[in-house]
Structure formats: C-alpha cells, structure tokens
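In case it helps, our numbering puts the sequence shown at residues 83 to 492.
From the three backbone atoms N, C-alpha and C, an ideal C-beta is built for every residue, glycine too.
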Amino acid sequence: MSREDLAKKVAEAIDINYLLDLTQRFIQVRSVFEPNKNSEAEAAQFIAKAFEALGLKPIMQEVAPERPNVIADWSGSGFDPTKHKTLMFEGHTDVVTEGDPASWTHPPFAAKLIDGKIYGRGSADMKGGIAAAIAALKAVQETVPDLAGRIRMGIVVDEEGMMIGIKDFIKQGWATEVDAAIICEPEENELCLFQKGAMRVSVNFTGVMSHGAMPYAGVNPIAALSHFIEKVKGLERSEQARLGEHPYLGLPWFTPTIVQAPAKGEAQLNVMPAEAYLALDIRTIPGQDHDELEQTLQGFAREIEKSTPRLSIELDCFESRPWTQTPDDDPVVKALELAYPLVLNQEPKFGGVPGATDGTFLHAWANIPIVTVGPGDRTIPHQKDEFVRLDDLIDAAKLYAAAIIYYFMN
C-alpha cells in the first residue's frame, strides 16, 4: 500500500462517535485553576483513563499540588529508538474561568451539541484539540500497529497561567527524545509556523507622598508613570514602523494593562500617593530581541529617574516568551502539508498564532520544531458561549492521523 493510500485509510478510520463522546465528557470536567479550590487534577485523571483504555501506560507527574502533567507514549511494533523518530502532540488541561454561568446561552460545562457545535468552556481552548489528537492516535493504533515511529502525548497544566506544566515537562527530560511537536491549539485548522512572543513586565514607581494641595512637597509617581507610558508608546510606533506588519502575526504591540496608584491600599482624592504600579503586556514578532527591548525599557526608567530627584523606578521583566518560527521545509511541516489536501480536499491554509502557547518553550528551550494547528475559531477562546464545531473536530483528527503517516514514512 502506498504512503498516500495508508494515510487516507488511517484518516478514514477516525471513530467519530468516540471523538464526540470523548470531547463532551472532557469538557464536562471543570478544570479552572483556582488556588486551594479547584485544579486540573480531575481532568488529568480523565485523560489518563482515556490513555489506559487505549492500552497505554500514562505517567502522572505532579508539577504543583493537585496539578499533574500526563505523559503517554505509543510506538508501533516496528519502532527502533536508535533509528526512528518521536512525534509529540501537546495540549493543556486547564481552562479559563467561565465567569457568570447565567450569562451563557448554554451551561458552560454541559457540553451540549447543538446545530453541529459543541458548547462549553474549553471546547475550543483546547479540549477539542486534545480529543482530536487522541482519536487520531486510536486510528493509527488500529490501522498501522507496526508503525516505525513513536507518538508522545504531553497533556500539561497551567498553559493559561505561567506555563509551569510545559516548563516542568522540559526540565524533567520529556522533550529530549522529541523530534517535532504538533500543538493542538484552536487555530481554525490552519498550519501556524509562527507564534508571537510575549514579555510580561512590571514597573514600580516610588515617589514621595504629599498633600494634593501641595504636590511640590512630594514627588508624584503618577506623573513618572505617565511619562514612561509615553516613551513605551513611542517605542511601539518606532518598532511598528521598523518591522511593518508580519504577514501572519500582524504588528508588535506594547500594551499597558494595569495601572494602579496607589500601588496598594485605598486611594484618596486629596493625597498624592507614594507609589504607582504599571504592568505591560508586550507582543513581539520576528526581528525583535527581547533582551534588547528590556534594556531599552530599563533605559527609559533610568532617564526618568535622572530627571526626577527622589524618584526610583524598579522594572522587572518576569516572563519572556520568545516568538517562534518553524522552517517551512521541516519534516513536520511537510507532513501536514501533504495531509491537508488528502483529507480536507483543499490546499494547505497557513496562519499565525497571535499569542504564546506551550509550544513557545518547546521551541525556545528544547529546540523542537513546532506547528500549531487545531480545531476552533481563534477568536472564541475565553469568551462566553465558547464552542467548537464537530466538523472541525473531525477534520483535525483526520489531519493529525494522516500527518502521522506522512511524518514517519517520509
């Protein structure tokens, strides 16, 4: 049987009823992380049992209390670890809060199928994508048991937070044997070879408190904060002019997201506070260096300090997630490109990830080529009435299954 015929056979072996049932039951497990209240533990147990039902031996690795990663491997009988490759499918069990359940048209954890859409928090981001990957694995197991390759499933915690799950996955050595990874995030089943970078920056301004009627007796940190924001917006304009609009990622952005003055405690109209706080969410594109950007921001802080006696500014870039770019001739890209027209009857569609994913660290820390592709509209995550289309789920599962064949039989 030719490679194309085998890829088509595996794609056609996707069990749609299994995929729908797995997706709905997974969504029904509420996995919003809330300290000392709720975690991903139940969702991780659910996924572990799904793997066990397929004959796998999942490993539960606790990253933090009640926050376990789930890792499971399957390899065909023809797999030789000294000769053959490992392809990883990656996803996360945590979902963001549903907010006020009463604001939803359909209950956020009921996972109802209505007019071809499965509604629920996490349906698109990204329990549907994980279920599609597991359904693809099941089809490969049943169709090509002698596959000369290994599939690693890495289902981790905390993607919506500081990404401690994927960081621990890498630190524990699970990425060492991985040759490529497919990140199953909701990207409308487009092949995303680019991801924006992210910098999370906190800036604390310390001045001198005084009466609002006598500002000259103190130092106003709010004025310094305002001056700093002006410089940041100037940097944004200059970077946008320098780099232009990326074809898949758009423009870089330097966005103030939190402004607090006073930085803590109650504000009073007639009191100039001693401290002010600013948070920046910076999104970068190829051509930008995070270390250089941080140095520029530090330079702004020192310049404002120098011109303002008795003012101090502390700037901390507490998280840096570099932009990623996967070469278009990488084997995992080629496998997905070949699978696309075979199972979706159209030429490959390419896109870009507007935010960072766990794949950021697989690429930056472990030097693993990644492609982000999965079911779900990219704008629907974190909104009320989140949904994933059943047809998109099926397409994703077929795409994953066919790509597995093309990847290992290149």
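Where DSSP assigns a beta bridge to residue i, which residues make up the other side?
i: Phe494; result: What the structure shows of the chain is the stretch from 83 to 492, and residue 494 is not part of that stretch, so it cannot be assessed.
i: Leu143; result: Note that residue 143 is Gln in the sequence shown here, rather than Leu. In the DSSP output, where bridge partners are listed per residue, Gln143 has Asn151.
i: Tyr201; result: Phe469
i: Leu475; result: In the DSSP output, where bridge partners are listed per residue, Leu475 has none listed.
i: Trp156; result: Ile233
i: Pro338; result: Leu362
i: Ile196; result: Lys199
i: Val239; result: In the DSSP output, where bridge partners are listed per residue, Val239 has none listed.
i: Ser292; result: Met354
i: Val301; result: Val290
i: Val177; result: Val114
Can you tell me which of the options puts its alpha carbon nearest to the alpha carbon of residue i?
i: Ala323; options: Gly243, Gln370 and Ala483; result: Gln370
i: Pro227; options: Ile450, Val92 and Gln428; result: Val92
i: Pro268; options: Lys480, Phe469 and Lys278; result: Phe469
i: Ala280; options: Ser84, Pro334 and Ser113; result: Pro334
i: Leu101; options: Ala213, Ile340, Arg85 and Gln110; result: Ala213
i: Glu148; options: Glu122, Cys399 and Leu420; result: Glu122
i: Phe128; options: Lys209, Phe490, Lys194 and Met354; result: Lys209
i: Met296; options: Ile265, Glu259, Cys399 and Met354; result: Met354
i: Gly247; options: Leu219, Pro150, Gly158 and Thr337; result: Pro150
i: Pro190; options: Ile340, Pro463 and Leu136; result: Pro463
i: Val341; options: Ser308, Glu318, Arg107 and Tyr422; result: Ser308
i: Lys196; options: Arg471, Leu481 and Asn492; result: What sits at residue 196 in the sequence shown is Ile, not Lys. The option with the nearest alpha carbon to Ile196 is Arg471.
i: His372; options: Pro338, Ala446 and Asp162; result: Ala446
i: Phe336; options: Leu424, Gly456, Ile367 and Ala349; result: Ile367
i: Phe310; options: Leu397, Glu374, Val260 and Leu229; result: Leu397
i: Val178; options: Ile233, Val239, Asp363 and Val314; result: Val239
i: Gly198; options: Glu401, Ala478 and Asp473; result: Asp473
i: Trp405; options: Cys399, Leu418, Glu385 and Thr439; result: Thr439
i: Glu224; options: Pro409, Gly158, Gly326 and Leu424; result: Gly158
i: Val415; options: Gly433, Ala361, Tyr359 and Arg403; result: Gly433
Give the DSSP-derived three-state secondary structure of residue i in the structure shown.
i: Gly332; result: strand
i: Met281; result: strand
i: Phe381; result: What sits at residue 381 in the sequence shown is Gly, not Phe. Of the three classes helix, strand and coil, the one that applies to Gly381 here is helix, per DSSP.
i: Asp363; result: strand
i: Arg232; result: strand
i: Phe251; result: helix
i: Gly316; result: helix
i: Ala263; result: strand
i: Ala358; result: strand
i: Phe490; result: helix
i: Phe432; result: strand
i: Ile311; result: helix
i: Gln407; result: strand
i: Ser185; result: helix
i: Leu273; result: strand
i: Phe191; result: coil
i: Ser389; result: helix
State the CB to CB distance for the pair residue i and residue j, rounded to an integer number of angstroms; the pair is presumed to be in contact (CB under 8 Å).
i: Asp467; j: Tyr298; result: Wrong, their Cβ atoms sit about 53 Å apart, outside the cutoff.
i: Ile304; j: Phe443; result: At roughly 36 Å, the Cβ-Cβ gap does not stay under 8 Å, so Ile304 and Phe443 are not in contact.
i: Glu241; j: His174; result: 3 Å
i: Ala221; j: Ala483; result: 5 Å
i: Arg392; j: Val285; result: That belief does not hold up - the Cβ atoms of Arg392 and Val285 are roughly 17 Å apart, past 8 Å.
i: Gln277; j: Gly441; result: 7 Å
i: Thr105; j: Cys274; result: Not confirmed; about 21 Å, so no contact.
i: Phe490; j: Ile395; result: 54 Å between Cβ atoms; not a contact.
i: Tyr488; j: Ala89; result: 6 Å
i: Asp459; j: Ala206; result: 7 Å
i: Val435; j: Ile364; result: Not quite, the Cβ-Cβ distance comes to about 16 Å (not below 8 Å), so this is no contact.
If you follow the beta strand (DSSP E) that residue i is part of, which residue opens it and which one closes it?
i: Ser394; result: Ser394 to Arg403
i: Leu169; result: Thr168 to His174
i: Val453; result: Ile452 to Thr454
Where do the N-terminal and C-terminal ends of the alpha helix (DSSP H) with residue i fall, by residue?
i: Val415; result: Pro413 to Leu426
i: Thr105; result: Ile98 to Ile109
i: Gly441; result: Gly441 to Ala448
i: Ile212; result: Gly210 to Thr225
i: Val114; result: Note, Val114: premise wrong, no alpha helix (DSSP H); not H, not E.
i: Asp87; result: Arg85 to Glu94
Spell out whether any CB of chain C is found under 9 Å from the CB atom of residue i.
i: Val222; result: Reference to chain C is not applicable here, since this structure consists of a single protein chain.
So is the beta-carbon of residue i under 8 Å away from any non-hydrogen atom of the ligand GDP?
i: Met281; result: The ligand GDP is not part of the structure shown, which contains no ligands of any sort.
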